[in-house]
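This note's numbering applies: residue 4 is where the sequence shown begins, and numbers increase by one.
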Amino acid sequence: MAATEKPTVSVRIPVSGMTCAACQARVQRTLERQPGVASAAVNLMMKSATIDYDPAQTDPDHLVKAIRDTGYDAQLPSPAQTVFEEQQSRDAAQAEEFADLRRKAIVSGVAGVIAMIAPMVSMDNAALMFALLVITAAVMLWAGRHFYTRAWAAFRHHVADMNTLIALGTGAAFLYSVIATVAPGFFVRRGVAPDVYFEAVIIIIALILTGNTFEARAKMRTSNALRALVHLQPKTARVARTGNAEVDVLVEQVQPGDTVVVRPGERVPVDGTITSGESGVDESMLTGESMPVAKKTGDHVIGGTVNGTGAFRYEATTLGADSVLARIVKLMRDAQGSRAPIQRLADRISAVFVPVVVSIAIATFVTWFVIGDAVGMSAPAVRGFAAAVTVLIIACPCAMGLAVPTAVMVATGKGAELGALVKGGETLQRLGDVTSVALDKTGTVTEGRPAVTDIIVAPGATWNSDQLLSLAASVESMSEHPLADAIVRRAKEATLTISRPADFRSHTGRGAVATVDAHSVMVGNEALLAECEVDLKPLRQDADRLATEARTPVFVAVDGVAVGVLGIADPIKNSSRHAIQRLHSAGLDVVLLTGDNPVTADAIAREAGVDRVVAGVLPDGKVTEIQRLQTRGKVVAMVGDGINDAPALAQADVGMAIGGGTDIAAEAADVVLMRGDLRAVSQTIALSRRTMRTMKQNLFWAFAYNVIGIPIAAGVLYPAFGVLLSPIIASAAMAFSSVSVVGNSLRLRRWLPK
């Protein structure tokens, strides 16, 4: 008997102190080694770890301790803290970090300029050197303090990271300069000029801090979509209390069942159902749909959306963590904290990056010290030392750590703007590999709601089409059948009179008979009318045509005479044909999976432009068809309504559930489409492909920067061209590398689907 899979629990733990890919990789490896941990995703951008674990083997406190044992701080979030409060705290922390880095970058930059200019205007060299020593020490202790404290913490835990490289580089340069200032004779006696690097140390710190400042600002921009969603949550709600008095209360104080009042132009405070009034509501921030959605009594409204020109009252339903907006924010936050498989390459390199760089720096110094004279290098010890420092400074694991998560954050935010909630980096990557798209029919390609498409009056009948529809609707007003609902709805839309029928009799599976305005009216299928011996020859040709066009013929007879036939169908959505054309343009195969009969399915497929149809299949048949495609090497995306299509959504490589703007809890799906528009499918796949290109660009340049920069810093160009890179230039290049990766990811914010 197969072993049952152990249930796991997920926890998200904020982690502070991580600064580069090496930090991220170390925490990742530590968590993955813990007993009971099924999976872990550590995100440098989000500064968090999302862990799936077996509660029988471990617990969150143990996981927090494991993170702290690696040298980083971790704290379990407060259970009482909402996703809105958590995001606001994170935004505040990001803003504070940005302000602190900017302040330190400016001060250290000014100090660096002073350190460069002072030797040009001062004649008292000894006093100047001691003054620069004091200024440099002050900058290191204040502006650069975190580099050294974090490097020391890493050393105590027998590891190394980006802070190790900065601390070693600037610390070695500072120590060398202190000895040259305090005991210059030590160098003179050995034939080495007592050069100092005080201005280099200050400017290196200033440039790295400047890069960190730009990086922090760019990181804040990657969260813009999530931040905008959080800001949709109103602070107060207008509630009708006893005696219809309207009172403004904090949104947290609204209770289920409260009557909430919304005036024109106001934001809807919480989810609920309209009890009176009507309006158009802008749901674009949640669904990506730019046109206002008409709302009337009985319709659902979503907290955070914007009311139009009408006013309405509604009953509060889902609140707090169960609200649509809160669930979207949580889903997006979890997605942005997830990892894409492509990140593993950067993790493997980051695991050995810092030790390798330190080894290269030592080898650089030793090499130039030994062979410097042979290649005509003056003061080879000093030049070799400078080259070693330059190697330490130019090496940047930050860019590798930011290459993938920044793209994931921006892309998931962009997807949300388009009305597609992508549940993580792995899904985002798989979407780009999709080769076939399987579509459910009802509610996906079609409207999912039968509608009257044809009203045909029999030749010679004394009734016109409006009268025919009015009679049929009067009979069907007593029925609960979906086809009856379509007839009644069409009559109401045409503002026709619907009379109350008498002597109503339902014939299960065939139709209904009733008396309307003294006439015996029969509405039903061919079997019902044949049973009552009604002659259908005048309508036979029209009925057959309707059937071949995937329309269900419903006959109407008055006083025993057939007077007309109604064609009822589930029409395809206006956007479906264009959406399927876009999928074809993207090189994707499209297959329609439906439980309908082949005639109806083929007609829908022809109208929508679908390649292939698999009709008459139950949910398990859809799973079988997806498996068949996968065995042929296809990467399949399944698009359905997330209810009866759940098995197929789970089997597909990517499951895409149409949530209809309110239902985002489709657990079987990897992507939730917040509006019932198939164009979001092609848009999301296109976004994935663009994001993967961005990730690959980021990783290429992050690797190329180090592959090219480190040898140049080590001096490979010196024998041929006499070029040695300055530590100051190296620090500027290091700062630029991280900023360029984040900036490239931010370009996704401007991406628009064609």
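No residue lacks a Cβ here, since even glycine has one placed at the ideal position from N, Cα and C. Just so we're clear, the structure is a prediction, and the values are computed from it rather than from any experiment.
{"Item": "Inter-residue spacing [alpha-carbon to alpha-carbon] between residue 707 and residue 717", "Value": "16 angstroms"}
{"Item": "Check whether residue 285 and residue 309 have beta carbons under 8 angstroms apart", "Value": "yes"}
{"Item": "Extent of the continuous alpha helix (DSSP H) to which residue 128 belongs", "Value": "128–145"}
{"Item": "Residue range of the alpha helix (DSSP H) that includes residue 433", "Value": "428–434"}
{"Item": "Spatial distance of residue 409 from residue 756 (CA atoms)", "Value": "20 angstroms"}
{"Item": "Spatial neighbours of residue 86 in its chain, beta-carbon cut-off 6 angstroms, leaving aside the 5 residues before and after", "Value": "329, 332 and 333"}
{"Item": "6 angstroms Cβ shell around residue 63 - same chain, five flanking residues per side excluded", "Value": "14 and 79"}
{"Item": "Sufficient close CB pairs (3 or more, under 8 angstroms) joining the segment 430–447 to the segment 524–543", "Value": "no"}
{"Item": "Euclidean distance between Cα positions of residue 668 and residue 459", "Value": "Here residue 668 scores only 43 on pLDDT, less than 50, and its place in the model should not be relied on; the value that follows carries that caveat. Rounded to the nearest angstrom, the two C-alpha atoms are 43 angstroms apart."}
{"Item": "Span of the alpha helix (DSSP H) around residue 637", "Value": "Element bounds for residue 637: n/a, residue is neither H nor E."}
{"Item": "Residue from 403, 280, 117 and 108 with nearest C-alpha to residue 25", "Value": "403"}
{"Item": "Simplified DSSP state of residue 589, which is helix, strand or coil", "Value": "coil"}
{"Item": "CB of residue 275 within 8 angstroms of CB of residue 319, strictly", "Value": "yes"}
{"Item": "Every unbroken alpha helix (DSSP H) inside the segment 392–459 [4 residues or more]", "Value": "401–420 and 428–434"}
{"Item": "Simplified DSSP assignment, three categories, for residue 238", "Value": "coil"}
{"Item": "Coarse secondary structure for residue 474, derived from DSSP in three states", "Value": "helix"}
{"Item": "Close-in-space but distant-in-sequence residues of the same chain around residue 69 (CB under 7 angstroms, 5 per side omitted)", "Value": "33, 34 and 37"}
{"Item": "Residue-level contact to chain D via CB, residue 328, 8 angstroms cutoff", "Value": "In the displayed structure, chain D is absent; only one protein chain is listed."}
{"Item": "Enclosing beta strand (DSSP E) for residue 698 [first to last residue]", "Value": "Residue 698 -> not in any beta strand (DSSP E); alpha helix (DSSP H) instead, spanning 682–717."}
{"Item": "Chain-order list of residues whose beta-carbon lies under 8 angstroms from that of residue 504 (same chain, five-residue window excluded)", "Value": "477, 478, 480, 481, 517, 518, 519 and 524"}
{"Item": "Any 3 or more C-beta pairs closer than 8 angstroms across the segment 629–644 and the segment 652–661", "Value": "yes"}
{"Item": "Reduced DSSP category for residue 199 - H, G, I as helix; E, B as strand; rest coil", "Value": "coil"}
{"Item": "Residue range of the alpha helix (DSSP H) that includes residue 34", "Value": "24–35"}
{"Item": "For residue 298, three-class secondary structure by DSSP", "Value": "strand"}
{"Item": "Segment contact flag, the segment 180–189 with the segment 372–381, C-beta cutoff 8 angstroms, min 3 pairs", "Value": "no"}
{"Item": "C-alpha distance - residue 618 paired with residue 624, whole-angstrom precision", "Value": "10 angstroms"}
{"Item": "First and last residue of the uninterrupted alpha helix (DSSP H) at residue 755", "Value": "No alpha helix (DSSP H) contains residue 755, which DSSP labels as neither H nor E."}
{"Item": "Residue range of the unbroken beta strand (DSSP E) whose run includes residue 483", "Value": "Per DSSP, residue 483 belongs to no beta strand (DSSP E) and is neither H nor E."}
{"Item": "Residue 59 versus residue 67: straight-line alpha-carbon distance, rounded", "Value": "17 angstroms"}
{"Item": "Selected residue, minimal CA-CA separation from residue 232, among 725, 89 and 590", "Value": "89"}
{"Item": "Closest residue to residue 261 among 268, 272 and 267 (Cα-Cα distance)", "Value": "272"}
{"Item": "Where residue 76 sits in the DSSP three-state scheme", "Value": "strand"}
{"Item": "Through-space distance from residue 471 to residue 500, alpha-carbon basis", "Value": "11 angstroms"}
{"Item": "Outcome for residue 345 when other beta-carbon atoms lying within 10 angstroms are tallied against a minimum of 16", "Value": "buried"}
{"Item": "Uninterrupted alpha helix (DSSP H) stretches inside the segment 535–599 (no shorter than 4 residues)", "Value": "540–551 and 579–588"}
{"Item": "Touching by the beta-carbon criterion (3+ pairs, under 8 angstroms), the segment 673–692 and the segment 434–442", "Value": "yes"}
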